[in-house]
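Undergrad:
Number of protein chains: 2
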Amino acid sequence: MPQDVYVSILAGGSGTRFWPKSRHKRPKQLCALGDSKKSMLEVTLSRLDGFVPAERRMIVTHRDQAEATAALTRDTCPLILAEPEARNTAAALALAALEIKAMAPKGSNPIMISLHADHVIRDTHAFRRVLQEAVAVAREGKIALLGIVPTHPETGFGYIEQGNPLPIKGVMSVSQVASFREKPALEVATQYVKSGRFFWNAGLFIWQVDTILSELRQFLPDTMKALDAACAAAPEGRLSQLPASTLASTYASLKKISIDVAVLEKSTRTAVLPIDMGWKDVGSWDALRSTFGKGGNANLTFGDTMLFDCERVTVDTDGPLVACLGVKDLVVVVSGGAVMVCPESRAQEVKRFVEELQASGRKEYL
Amino acid sequence: MPQDVYVSILAGGSGTRFWPKSRHKRPKQLCALGDSKKSMLEVTLSRLDGFVPAERRMIVTHRDQAEATAALTRDTCPLILAEPEARNTAAALALAALEIKAMAPKGSNPIMISLHADHVIRDTHAFRRVLQEAVAVAREGKIALLGIVPTHPETGFGYIEQGNPLPIKGVMSVSQVASFREKPALEVATQYVKSGRFFWNAGLFIWQVDTILSELRQFLPDTMKALDAACAAAPEGRLSQLPASTLASTYASLKKISIDVAVLEKSTRTAVLPIDMGWKDVGSWDALRSTFGKGGNANLTFGDTMLFDCERVTVDTDGPLVACLGVKDLVVVVSGGAVMVCPESRAQEVKRFVEELQASGRKEYL
Chain A
0 MPQDVYVSIL AGGSGTRFWP KSRHKRPKQL CALGDSKKSM LEVTLSRLDG
50 FVPAERRMIV THRDQAEATA ALTRDTCPLI LAEPEARNTA AALALAALEI
100 KAMAPKGSNP IMISLHADHV IRDTHAFRRV LQEAVAVARE GKIALLGIVP
150 THPETGFGYI EQGNPLPIKG VMSVSQVASF REKPALEVAT QYVKSGRFFW
200 NAGLFIWQVD TILSELRQFL PDTMKALDAA CAAAPEGRLS QLPASTLAST
250 YASLKKISID VAVLEKSTRT AVLPIDMGWK DVGSWDALRS TFGKGGNANL
300 TFGDTMLFDC ERVTVDTDGP LVACLGVKDL VVVVSGGAVM VCPESRAQEV
350 KRFVEELQAS GRKEYL
Chain B
0 MPQDVYVSIL AGGSGTRFWP KSRHKRPKQL CALGDSKKSM LEVTLSRLDG
50 FVPAERRMIV THRDQAEATA ALTRDTCPLI LAEPEARNTA AALALAALEI
100 KAMAPKGSNP IMISLHADHV IRDTHAFRRV LQEAVAVARE GKIALLGIVP
150 THPETGFGYI EQGNPLPIKG VMSVSQVASF REKPALEVAT QYVKSGRFFW
200 NAGLFIWQVD TILSELRQFL PDTMKALDAA CAAAPEGRLS QLPASTLAST
250 YASLKKISID VAVLEKSTRT AVLPIDMGWK DVGSWDALRS TFGKGGNANL
300 TFGDTMLFDC ERVTVDTDGP LVACLGVKDL VVVVSGGAVM VCPESRAQEV
350 KRFVEELQAS GRKEYL
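Sequence lines, in order, name chains A and B.
Under numbering that gives the first Met the number 0, the first residue of the first sequence is numbered 0, with each subsequent residue one higher.
Under numbering that gives the first Met the number 0, the first residue of the second sequence is numbered 0, with each subsequent residue one higher.
(1) Pull out every residue of the region 336 to 348 of chain B whose Cβ sits closer than 7 Å to any Cβ of chain A, in chain order.
(2) If we ignore side chains and look at the alpha-carbon of each, how far apart do serine 174 of chain A and aspartate 209 of chain A end up?
(3) Let's see if you can read the secondary structure: which residues bound the alpha helix (DSSP H) around methionine 223 of chain A?
(4) Give every residue of the same chain whose Cβ lies closer than 6 Å to the Cβ of leucine 241 of chain B, excluding the five residues on either side of it in the sequence, and list them in chain order.
(5) Using 7 Å as the threshold, is the C-beta distance between alanine 89 of chain B and alanine 261 of chain B below it?
(6) Are the C-beta of tyrosine 191 of chain A and some C-beta of chain B separated by less than 7 Å?
(7) So arginine 351 of chain B contacts chain A; which residues on that side make the cut at Cβ distance below 7 Å?
(8) Pairing CB atoms from the region 74 to 94 of chain A with CB atoms from the region 38 to 58 of chain A, are three or more of them under 8 Å?
(9) In the DSSP assignment, the beta strand (DSSP E) including lysine 27 of chain A goes from what residue to what residue?
(10) According to the neighbour-count rule (16 or more other Cβ atoms, all chains shown, within 10 Å of its Cβ), is threonine 269 of chain B buried or exposed?
(11) Give me, in chain order, the residues of the same chain whose beta-carbon lies closer than 6 Å to that of threonine 313 of chain B; leave out the 5 immediate sequence neighbours on both sides.
(12) Using DSSP with H/G/I as helix, E/B as strand and the rest coil, what is asparagine 163 of chain B?
(13) Please list the terminal residues of the continuous alpha helix (DSSP H) segment that includes arginine 62 of chain B.
(14) Rounded to whole angstroms, what is the Cα-Cα separation between proline 104 of chain B and isoleucine 110 of chain B?
(15) Is there a Cβ of chain A sitting closer than 7 Å to that of valine 136 of chain B, yes or no?
(16) Which residue or residues does DSSP assign as beta-bridge partners of tyrosine 158 of chain A?
(17) Would you call the region 217 to 227 of chain B and the region 182 to 200 of chain B in contact, with 3 or more CB pairs under 8 Å?
(18) Taking only three categories from DSSP, how would you classify lysine 20 of chain B?
(19) Could you check whether the Cβ of leucine 226 of chain A sits closer than 7 Å to any Cβ belonging to chain B?
(20) With a threshold of 7 Å between beta-carbons, can leucine 365 of chain B be considered close to chain A, or not?
(21) Using CA atoms only, rank isn't needed, just tell me which of A:Leu320, A:Ala231 and A:Val349 is closest to leucine 324 of chain B.
(22) Could you name the residues of chain B that glutamate 355 of chain A contacts, counting a contact when the two beta carbons are closer than 9 Å?
(23) I'd like to check one pair, leucine 40 of chain B with leucine 226 of chain B: are the Cβ atoms closer than 7 Å?
(24) Which residue marks the beginning of the alpha helix (DSSP H) containing glutamate 82 of chain B, and which one marks its end?
(25) Flag valine 446 of chain B as yes if its beta-carbon sits less than 7 Å from any beta-carbon of chain A, otherwise no.
(26) What is the DSSP secondary structure of lysine 279 of chain A, reduced to helix, strand or coil?
(27) What number of angstroms, rounded off, separates the C-alpha of arginine 121 of chain B from the C-alpha of aspartate 48 of chain B?
(28) Just tell me which of B:Asn87, B:Thr304, B:Cys309 and B:Tyr158 has its CA closest to the CA of glutamate 181 of chain B.
(29) Helix, strand or coil: how does DSSP classify histidine 124 of chain A here?
(30) How is the alpha helix (DSSP H) around tyrosine 370 of chain A delimited, first residue to last?
(31) For the alpha helix (DSSP H) that contains tyrosine 191 of chain B, what are its first and last residues?
(32) Using a beta-carbon distance below 7 Å, is proline 319 of chain A in contact with chain B?
(33) Residue range of the alpha helix (DSSP H) that leucine 356 of chain A falls in?
(34) Can you tell me whether DSSP reads glutamine 175 of chain A as helix, strand or coil?
(35) Which class does glycine 146 of chain A belong to by DSSP, given the choice of helix, strand or coil?
(36) Using CA coordinates, which residue listed in A:Val192, A:Ile167, A:Glu160 and A:Lys168 is at the minimum distance from phenylalanine 179 of chain A?
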């Protein structure tokens with residue numbers, strides 16, 4: 000990638016979806032999930048090796064998770080932007096854009112690629128190819144979005160509707176965005192998939208820093224005023240160099256809003272690049288097994304396990320032997336002195352445990 | 000109870016049915032199962048408090064389990080007969096009968112009550128009352144058996160068929176035994192229950208020591224010859240005082256046979272006392288929950304648990320928090336660094352894990 004291309008990786012997360020493996024101080028992106036012994040964040044970073052160097056990468060995360068994050072990424076991504084609190088993606092991406100602006104040579108207009116730390120991308124080659132095209136689109140002043148070619152009528156994602164094609168040199172397929180559609184009903188999702196004109200919005204964005212900052216200043220002026228003021232007070236204009244308490248008081252005033260709602264749905268500059276790259280948002284235990292489960296019984300096991308007559312079972316243990324007999328469609332997780340058992344169909348509800356533990360003040364399990 | 004009444008408690012067990020809570024060195028009778036914090040053995044002993052004193056009690060167990068047993072029963076039952084190997088109940092009861100004979104005043108004919116360490120008996124009052132009657136029956140030279148009034152057509156137990164009544168003073172109901180019936184088919188068991196003449200054989204026996212020794216010498220002469228020879232060589236005739244290696248070489252020659260097959264099915268002296276005393280043989284996890292499960296959802300939990308939307312679930316943990324959501328008819332056991340999960344309907348198969356662990360030499364979990 001050219002020297003003016005930077006990558007920011009959103010690595011927040013409350014650590015509730017993969018409890019008890021994920022915790023507040025060790026959210027899922029810091030866990031080894033799937034078929035790697037590395038954390039998802041490390042895998043995300045290694046996908047950039049030889050593509051974008053470590054000194055042009057940064058991670059945006061919650062300050063409670065900054066230390067655990069840094070322990071994993073000291074060499075592969077030294078710069079960590081520690082948010083005092085989660086204020087949704089508009090604030091996080093504004094923070095990163097301002098940091099990149101301050102890092103880049105004065106007067107330049109660097110490119111920013113925004114990734115997520117907890118995505119599975121099977122086809123790194125396709126991923127890199129589409130990013131190169133997206134950079135070309137971004138250089139035209141566009142807000143480029145990767146649109147994932149849907150494999151099924153998923154009702155848990157937002158969709159991007161493809162508009163008119165944009166003729167940009169060296170780019171195979173890029174179109175204007177006709178509309179953004181929130182999580183659809185199954186019937187609607189089925190029509191989307193059938194049409195061939197709708198793509199999953201994976202939250203993967205590529206833009207020039209000046210483009211997104213300009214849009215943010217237009218659509219989210221209060222947030223940008225606060226952040227610009229903080230920048231003016233920061234050493235070399237870098238928000239990462241501000242004292243934590245200063246950034247905290249700035250952050251407290253920022254609007255909690257997603258970049259999608261704040262900017263993308265309003266901007267006329269959005270463009271979508273359809274891509275099939277084996278993308279998965281591994282949002283909970285059920286998605287994990289459907290992504291990585293193997294063999295005739297489609298079980299997925301990590302650690303010391305003994306399974307008899309089990310089907311579609313996920314077992315993840317950080318030490319204790321887990322012995323299962325005759326169970327199906329079940330998730331069993333042993334981590335940090337807690338054991339969690341639920342049917343795969345209810346894996347989305349695991350956060351109920353976290354809520355209950357919070358309510359009863361049992362911090363040792365959070 | 001009169002001073003010539005002794006109790007022996009059979010407390011063997013391989014520790015496979017309640018794995019991973021039960022282990023080879025900590026079989027189920029040493030585990031706190033059910034609604035008590037005490038082990039089943041301790042509960043069995045406490046049922047005798049104020050009835051038969053500690054000095055007239057003894058426990059028969061495998062020598063591998065003797066130390067763990069003694070640690071629990073030092074005050075409540077100091078005498079432990081440690082079998083070098085399990086040779087079934089005829090050998091174990093002969094051992095106990097000979098020990099009692101040697102302990103009792105010379106020329107006396109003491110009474111022996113044989114209990115099991117892993118039975119639940121809800122109605123201690125009824126239990127004691129029937130034992131008092133059974134002692135009276137035993138004094139008539141009978142081999143008295145408690146016959147449990149069946150609550151359902153259980154196919155996992157043997158049945159005792161009631162014969163002609165025996166008129167014995169002070170005993171409400173005692174009859175000759177017409178026949179012993181092995182584990183019946185469901186249809187047959189249903190007829191048994193309907194008839195009112197069949198009772199569960201719980202292995203609870205009351206006899207004079209001379210009676211059972213005489214029957215054993217008649218029906219199992221080789222075993223008794225070997226044990227009598229060992230007695231002759233033992234200090235004060237007490238097999239408990241023999242060196243372990245001496246008893247081991249004697250034991251190696253004993254026939255592996257149950258007292259039922261060796262003696263009871265052949266003897267003409269058997270008598271049955273029907274009793275309804277809330278008796279349960281808690282043989283595996285499923286039986287445990289059906290015995291002790293409480294509340295509308297009939298869950299049974301021990302230790303630190305968090306259950307949402309669970310029904311008929313058994314959870315037993317020795318420390319780690321166990322969080323279950325949306326599961327039914329499931330058993331989850333956490334003990335000694337192992338986690339076991341299986342449907343309640345397959346709880347009988349838990350020993351498969353033990354077999355697999357033995358085969359793979361993973362002694363830490365046995």
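Cβ coordinates follow ideal geometry from the N, Cα and C atoms, glycine included.
TA: In brief:
(1) Gly336, Ala337, Val338, Met339, Val340, Cys341, Pro342, Arg345 and Glu348
(2) Taking the first residue of the first sequence as 1, we reach residue 174 of chain A at position 175. Taking the first residue of the first sequence as 1, we reach residue 209 of chain A at position 210. Each residue's alpha carbon lies about 21 Å from the other.
(3) Locating residue 223 of chain A in the first sequence gives position 224, counting from the first residue. It spans 220 to 232 - the alpha helix (DSSP H) in which methionine 223 of chain A sits, taken as one unbroken run.
(4) Locating residue 241 of chain B in the second sequence gives position 242, counting from the first residue. So the qualifying residues of the chain are Ala233.
(5) Locating residue 89 of chain B in the second sequence gives position 90, counting from the first residue. Locating residue 261 of chain B in the second sequence gives position 262, counting from the first residue. Cβ distance < 7 Å, so alanine 89 of chain B and alanine 261 of chain B count as in contact.
(6) Here residue 191 of chain A refers to the residue found at position 192 when the first sequence is read from its first residue. No, because no Cβ of chain B sits closer than 7 Å to the Cβ of tyrosine 191 of chain A.
(7) On the second sequence, position 352 is the one that residue 351 of chain B refers to. In chain order: Phe307 and Leu324.
(8) yes
(9) The residue you call residue 27 of chain A lines up with position 28 of the first sequence. Looking at the DSSP string, lysine 27 of chain A is not in any beta strand (DSSP E), and its letter there is neither H nor E.
(10) On the second sequence, position 270 is the one that residue 269 of chain B refers to. Looking at its Cβ environment, which holds 16 or more other Cβ atoms inside 10 Å, threonine 269 of chain B is buried.
(11) What you label residue 313 of chain B is simply residue 314 of the second sequence in a count that begins at 1. Cβ within range, chain order: Trp284, Arg288, Leu299 and Val330.
(12) To locate residue 163 of chain B, count along the second sequence from 1; it is residue 164. Strand at asparagine 163 of chain B.
(13) Locating residue 62 of chain B in the second sequence gives position 63, counting from the first residue. Here the alpha helix (DSSP H) through arginine 62 of chain B covers 62 to 72.
(14) By one-based count along the second sequence, residue 104 of chain B stands at place 105. By one-based count along the second sequence, residue 110 of chain B stands at place 111. For proline 104 of chain B and isoleucine 110 of chain B, the distance between alpha carbons rounds to 12 Å.
(15) Your numbering for residue 136 of chain B matches position 137 in the second sequence. So no, valine 136 of chain B is outside the interface.
(16) The residue given as residue 158 of chain A occupies position 159 in the first sequence. Tyrosine 158 of chain A is bridged to A:Arg180 and A:Trp199.
(17) no
(18) Position 21 of the second sequence, counted from the start, is the residue given in the question as residue 20 of chain B. Note: lysine 20 of chain B maps to coil in three-state DSSP.
(19) Looking up residue 226 of chain A in the first sequence gives position 227. Closer than 7 Å: no.
(20) Counted from its first residue, the second sequence places residue 365 of chain B at position 366. Taking Cβ atoms only, chain A never reaches closer than 7 Å to leucine 365 of chain B, which makes this a no.
(21) The residue given as residue 324 of chain B occupies position 325 in the second sequence. Ranking A:Leu320, A:Ala231 and A:Val349 by Cα distance to leucine 324 of chain B puts A:Val349 first.
(22) The residue you call residue 355 of chain A lines up with position 356 of the first sequence. The contacting residues are Met305, Phe307 and Ala322.
(23) Numbered from its first residue, the second sequence carries residue 226 of chain B at position 227. Numbered from its first residue, the second sequence carries residue 40 of chain B at position 41. Cβ distance not < 7 Å, so leucine 226 of chain B and leucine 40 of chain B don't count as in contact.
(24) Sequence index remark: in the second sequence, residue 82 of chain B carries index 83 (1-based). Careful: glutamate 82 of chain B lies outside any alpha helix (DSSP H), inside the beta strand (DSSP E) at 79 to 82.
(25) Because chain B is modelled from 0 through 365, residue 446 of chain B falls outside the range shown and cannot be assessed.
(26) For the purposes of this step, residue 279 of chain A is taken as the residue at position 280 of the first sequence. Strand.
(27) For the purposes of this step, residue 121 of chain B is taken as the residue at position 122 of the second sequence. For the purposes of this step, residue 48 of chain B is taken as the residue at position 49 of the second sequence. Roughly 15 Å separates the two Cα atoms.
(28) Walking along the second sequence from the start, residue 181 of chain B turns up at place 182. Nearest of B:Asn87, B:Thr304, B:Cys309 and B:Tyr158 to glutamate 181 of chain B, Cα basis: B:Tyr158.
(29) In the first sequence, residue 124 of chain A corresponds to position 125, counting from 1. Three-state DSSP puts histidine 124 of chain A in a helix.
(30) Outside the displayed span of chain A (0 to 365) sits residue 370 of chain A, for which this structure offers no information.
(31) Against the second sequence, residue 191 of chain B aligns to sequence position 192. Run containing tyrosine 191 of chain B: 185 to 194, per the alpha helix (DSSP H) assignment.
(32) Here the question's residue 319 of chain A lines up with position 320 in the first sequence. For proline 319 of chain A, the answer is yes, since a Cβ of chain B falls inside 7 Å of its Cβ.
(33) Stepping through the first sequence from its first residue, residue 356 of chain A is reached at position 357. Residues 350 to 358.
(34) Here the question's residue 175 of chain A lines up with position 176 in the first sequence. Here glutamine 175 of chain A sits in strand by DSSP.
(35) Your numbering for residue 146 of chain A matches position 147 in the first sequence. Glycine 146 of chain A: strand per DSSP, three-state reduction.
(36) Counting from 1 along the first sequence, the entry for residue 179 of chain A is found at position 180. Checked all of A:Val192, A:Ile167, A:Glu160 and A:Lys168; the closest Cα to phenylalanine 179 of chain A is A:Glu160.
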